[in-house]
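Asker: So the sequence shown is residues 0 to 364, counted in numbering that gives the first Met the number 0.
The beta-carbon is built from N, C-alpha and C at its ideal position, and this holds for glycine as well.
Being a predicted model, the structure only gives us computed values, none of them experimental.
The structure that follows is given in the form of structure tokens.
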Amino acid sequence: MSNLSLLKYPAGFVDDLVSYGREFAVRVLDQKKYHLFDPMVSDRSCQLRAIWLACFWQFKKKTEELNEEDLLIFGLVRFLCEAALSAEHEIIGRCPLKTCSSYWPNEVVRLNSAGRMRFLGVAKALLMERILADMYRWLLFIDPKDLLVGRFSADLEQVYIELLRGFANPVHTFYSDVAIPVVTFFPGFVALMSLAAHFKVPLVAEMRRVERNPEGFLYVAEEARTRFMYDPKRHAFFEEDAMSRRSECPAVVFSGHSYLEGGQIQPAHMVESLNRYSNLEASVMDYIYGVMATHEAFPRGADDQNRPDEPLLSQLTSDYLRFAQSAHVHSYETVMAVYDATRSNSLKDLEIHKTACEITHVCSV
0 MSNLSLLKYP
10 AGFVDDLVSY
20 GREFAVRVLD
30 QKKYHLFDPM
40 VSDRSCQLRA
50 IWLACFWQFK
60 KKTEELNEED
70 LLIFGLVRFL
80 CEAALSAEHE
90 IIGRCPLKTC
100 SSYWPNEVVR
110 LNSAGRMRFL
120 GVAKALLMER
130 ILADMYRWLL
140 FIDPKDLLVG
150 RFSADLEQVY
160 IELLRGFANP
170 VHTFYSDVAI
180 PVVTFFPGFV
190 ALMSLAAHFK
200 VPLVAEMRRV
210 ERNPEGFLYV
220 AEEARTRFMY
230 DPKRHAFFEE
240 DAMSRRSECP
250 AVVFSGHSYL
260 EGGQIQPAHM
270 VESLNRYSNL
280 EASVMDYIYG
290 VMATHEAFPR
300 GADDQNRPDE
310 PLLSQLTSDY
320 LRFAQSAHVH
330 SYETVMAVYD
340 ATRSNSLKDL
350 EIHKTACEIT
360 HVCSV
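Below you can see the structure in the form of structure tokens.
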């Protein structure tokens, strides 16, 4: 699975992780508690874990179908979930923020302090090696003409080649001196959308309208969840009919908010109100791509000297960056701002950026 060996760990270490993973897989797959699958990897790529689970489910829907390597992966995911410190507030929902050794599941990983920190890096790297390898393989199922690039035109065959190259030869960020593979941020969403379309994975927009109350605190005045499904005839995602049969497939949730004077964005009519506000005709995918185009390409500290050659994907990112400016959507550090204000008991002084739409987290449900 990797050149990172688990053989040097104590006897029974892998067996314990496999058993630990089996218990977790029962909850996630058999009991369909998909929201539990949200590991902290420190690579700012939560979206890749969300689409991986939805695609993995297409092939293996029950714990009894998993092999030992699958169970080990579920064990690593559970470990990284349970060792995570989360930020939580009504504006941002619940978002894994950083790995916290005091949350360590001692009954499984019995290591000294140095060994613990090293294994955190190993667990993150092993998980992401598996996810990127699987996503590369699943992308091979897709015809290049079916890639989803939204409102902008591109040579889809060349975009496809660039996308595969990025997954096959990722750059690396580091945790405890262990190299963790990462792909360029915006192209990761092209992969997400294209795989979601191919495997009929639902998308869910979890939208909150933020306002400031008379006491001066920011709060959520209105929120709504809207499901979108891919329409092959129109080659885009559209709001799902309320009467349609709901799939048991894990959905990919885009959790975000709007914060504007006058509350122009209505969560229950997200796309329509965003179009009205921006005077544009755009789809939910366009708005997601717009927000993501404003995000940094790699995590800070990533070794991107050998970053993949992606001229068409870079142009597509630039096109969507201009769209984001016209649509007044952006990615900000809102999660950290809310977390810091909560810790310092200064929520009344909390300031967040005005935006028609920001997405703060991507996860499964």
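For Lys7, count neighbouring Cβ atoms within 10 angstroms of its own Cβ and tell me buried if that reaches 16, exposed if not.
Answerer: Against the sequence shown, residue 7 aligns to sequence position 8. When all chains shown are included, Lys7 counts as exposed.
Asker: Specify the secondary structure class of Arg60 as computed by DSSP and reduced to three states.
Answerer: The residue given as residue 60 occupies position 61 in the sequence shown. For clarity, residue 60 is Lys in the given sequence; the question names Arg instead. Three-state result, Lys60: coil.
Asker: What would DSSP say about Arg129, mapped onto helix, strand or coil?
Answerer: Along the sequence shown, one-based indexing puts residue 129 at 130. Residue state, collapsed to three classes: helix.
Asker: Nearest to Leu155 by CA position, among Pro186, Phe173, Ser243, Cys99, is which residue?
Answerer: Translated into the one-based positions of the sequence shown, residue 155 becomes position 156. Residue Pro186 is the option with its Cα nearest to Leu155.
Asker: Check whether the Cβ atoms of Leu79 and Gly20 lie closer than 8 Å to each other.
Answerer: Here residue 79 refers to the residue found at position 80 of the sequence shown. Here residue 20 refers to the residue found at position 21 of the sequence shown. Taking 8 Å as the Cβ cut-off, Leu79 and Gly20 do not qualify as a contacting pair.
Asker: Please go through the stretch 30-114 and give each complete beta strand (DSSP E) segment of 3 or more residues, from N-terminal end onward.
Answerer: Here the runs fully enclosed are 83-88, 92-98.
Asker: Alpha carbon to alpha carbon, how far is Ser254 from Ala204?
Answerer: Stepping through the sequence shown from its first residue, residue 254 is reached at position 255. Stepping through the sequence shown from its first residue, residue 204 is reached at position 205. Looking at the two C-alpha atoms, the distance is approximately 6 Å.
Asker: Out of Thr98, Gly300, Met127, which one is the CA nearest neighbour of Arg115?
Answerer: Position 116 of the sequence shown, counted from the first residue, corresponds to residue 115. Closest by alpha carbon: Thr98.
Asker: Glu332 by DSSP, collapsed to three states: which one?
Answerer: On the sequence shown, residue 332 is found 333 positions in, with the first residue counted as 1. Reduced to three states, the DSSP call for Glu332 is coil.
Asker: Could you check the C-alpha separation between Arg43 and Gly11 for me, to the nearest Å?
Answerer: The residue you call residue 43 lines up with position 44 of the sequence shown. The residue you call residue 11 lines up with position 12 of the sequence shown. Whole-angstrom Cα-Cα distance: 32 Å.
Asker: Considering only DSSP beta bridges, list what Ser254 is partnered with.
Answerer: Residue mapping note: residue 254 aligns to position 255 of the sequence shown, counting from 1. DSSP lists Glu205, His360 as partners of Ser254.
Asker: Which residue marks the beginning of the alpha helix (DSSP H) containing Asp285, and which one marks its end?
Answerer: Here residue 285 refers to the residue found at position 286 of the sequence shown. Residues 283-292.
Asker: Could you name the residues that DSSP lists as bridge partners for Tyr385?
Answerer: No information on residue 385 is available, as it lies outside the stretch 0 to 364 that the chain covers here.
Asker: Using 8 Å for Cβ pairs, my map puts Val334 next to Thr359. What's the rounded Cβ distance?
Answerer: In the sequence shown, residue 334 corresponds to position 335, counting from 1. In the sequence shown, residue 359 corresponds to position 360, counting from 1. Sure, about 5 Å apart at Cβ, within 8 Å.
Asker: Given this structure, state the Cα-to-Cα distance separating Asp285 from Phe140, to the nearest angstrom.
Answerer: Along the sequence shown, read from residue 1 onward, the residue named residue 285 stands at position 286. Along the sequence shown, read from residue 1 onward, the residue named residue 140 stands at position 141. Rounded to the nearest angstrom, the two C-alpha atoms are 24 Å apart.
Asker: Would you mind stating whether Ala83 and Val337 have Cβ atoms separated by less than 8 Å?
Answerer: Taking the sequence shown and counting its residues from 1, one reaches residue 83 at position 84. Taking the sequence shown and counting its residues from 1, one reaches residue 337 at position 338. For Ala83 and Val337, no; Cβs fall outside 8 Å.
Asker: Using only CA atoms, which one of Arg150, Ser41, Phe73, Asp14 lies nearest to Arg109?
Answerer: Locating residue 109 in the sequence shown gives position 110, counting from the first residue. The shortest Cα separation from Arg109 among Arg150, Ser41, Phe73, Asp14 belongs to Asp14.
Asker: Taking the alpha-carbon positions, what's the Ile179 to Glu128 distance?
Answerer: Against the sequence shown, residue 179 aligns to sequence position 180. Against the sequence shown, residue 128 aligns to sequence position 129. Each residue's Cα considered, the two are about 8 Å apart.
Asker: Terminal residues of the continuous alpha helix (DSSP H) containing Ile179?
Answerer: Locating residue 179 in the sequence shown gives position 180, where the first residue counts as 1. Counting along the chain, Ile179 falls outside any alpha helix (DSSP H), though it belongs to the beta strand (DSSP E) covering 177-181.
Asker: Going by alpha carbons, who is nearest to Leu312 out of Glu63, Val270, Ser152, Ala340?
Answerer: As a working note, residue 312 is residue 313 in the sequence shown. Nearest of Glu63, Val270, Ser152, Ala340 to Leu312, Cα basis: Ser152.
Asker: Along the chain, where does the beta strand (DSSP E) containing His171 start, and where does it finish?
Answerer: The residue labelled residue 171 in the question sits at position 172 within the sequence shown. Note, His171: beta strand (DSSP E), 170-174.
Asker: What three-state label does DSSP hand Asp302 in the structure shown?
Answerer: Walking along the sequence shown from the start, residue 302 turns up at place 303. Note: Asp302 maps to strand in three-state DSSP.
Asker: Shorter than 8 Å from the beta carbon of Tyr8 to some beta carbon of chain C?
Answerer: No chain C appears in the structure shown, which is made up of a single protein chain.
Asker: Per DSSP, which residues does Glu238 bridge with? Please list them.
Answerer: Numbered from its first residue, the sequence shown carries residue 238 at position 239. In the DSSP output, where bridge partners are listed per residue, Glu238 has Phe227.
Asker: Excluding sequence positions up to five away, which residues of its chain have a Cβ less than 7 Å from the Cβ of Ser325?
Answerer: Here residue 325 refers to the residue found at position 326 when the sequence shown is read from its first residue. So the list reads Ser277, Leu279, once near-sequence residues are dropped.
Asker: Can you tell me whether DSSP reads Val219 as helix, strand or coil?
Answerer: Start at 1 with the first residue of the sequence shown, and residue 219 comes out as number 220. Val219: strand per DSSP, three-state reduction.
Asker: Count the other C-beta atoms from every protein chain shown that fall within 10 angstroms of the C-beta of Pro249, then say buried if there are 16 or more, exposed otherwise.
Answerer: Here residue 249 corresponds to residue number 250 of the sequence shown, with the count starting at 1. Pro249 should be labelled buried.
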